[in-house]
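In the numbering used here, the protein residues as written are -2 to 284.
This report concerns only the one structure given below.
Written as structure tokens, this is what we have:
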């Protein structure tokens, strides 16, 4: 027999809902306010010359095109070195690896690695790629360092996405005569794509906004020309923003906020693209 909620329970429910709404507002409001403030402060310097020009006058004038291009190079390099092995490792852990202490240790290690400060990854990349492997300070060394930092996020998120696919899908597929790999490739992976994309974008967004790893491995204070190969150094938006905010006396505050606005737009653009792809993939999902 159904019982109608009492007035006391309704009041408690309203109080709980109001408290949750207030906490959500307290969390989101500062972020929105910060975004609006950066937009207002930096919009005045955004122009075609600012986006396509080179820094000049001791970086106090001109544009930030080399930093934008360098950030794109580093993000693409990070994706190249982290997404394929990250998704492959997630497939192994989710579909092939036995559930024993070793795999549990690997999962715990992935979680712990995701929480390591980025400066530690930067020092590791400096020691391994720049010095030991003699790659030198370059786009390649920075991309490899960022990919190591990004891998735990991609592996963890991708594994969870694959494990969330209902087991019935696998059972039915195998019962129809397909191999395990065919089941993974044709059934499990397509159904887990939304979660995989989420993990990939979260990892790449972190890589695009990091300063410490590229400071040790590939970022330059200023370059008079664009990089011509992966073995060249590059400018990048996070490091460029750090430099003009702390190392250039008399720097215009508008240029600082304009650079921050471009970096924020770059990251939000990645989010929007991922959201569109994820929404379309979820629309085709069968559960």
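We treat Cβ as the ideally placed atom computed from N, Cα and C, and that holds for glycine.
Alpha-carbon spacing of residue i relative to residue j, whole angstroms
i           : j           : result
residue 241 : residue 253 : 7 Å
residue 30  : residue 192 : 29 Å
residue 84  : residue 51  : 37 Å
residue -2  : residue 22  : With a pLDDT of 49 at residue -2, under the threshold of 50, the modelled position of that residue is not reliable, and no figure is offered here.
residue 263 : residue 169 : 42 Å
residue 272 : residue 120 : 33 Å
residue 229 : residue 73  : 15 Å
residue 100 : residue 167 : 21 Å
residue 233 : residue 275 : 28 Å
residue 190 : residue 53  : 44 Å
residue 116 : residue 145 : 13 Å
residue 231 : residue 64  : 7 Å
One or two residues paired with residue i in a DSSP bridge
i           : result
residue 59  : 52
residue 176 : Its beta-bridge partners do not exist; DSSP assigns none.
residue 154 : In the DSSP output, where bridge partners are listed per residue, residue 154 has none listed.
Nearest-angstrom Cβ-Cβ length linking residue i and residue j, presumed shorter than 8 Å
i           : j           : result
residue 201 : residue 147 : 7 Å
residue 33  : residue 258 : Wrong, their Cβ atoms sit about 11 Å apart, outside the cutoff.
residue 111 : residue 149 : 4 Å
Candidates the options: closest to residue i by CA position
i           : options               : result
residue 210 : 80, 15, 136 and 87    : 136
residue 102 : 227, 153 and 116      : 153
residue 165 : 112, 178 and 185      : 185
residue 118 : 219, 203, 281 and 53  : 203
residue 143 : 20, 161 and 214       : 214
residue 62  : 238, 93 and 8         : 238
residue 35  : 280, 255, 266 and 281 : 255
residue 199 : 47, 76 and 18         : 76
C-beta atoms of residue i and residue j nearer than 8 Å
i           : j           : result
residue 80  : residue 128 : no
residue 206 : residue 155 : no
residue 173 : residue 92  : no
residue 267 : residue 57  : no
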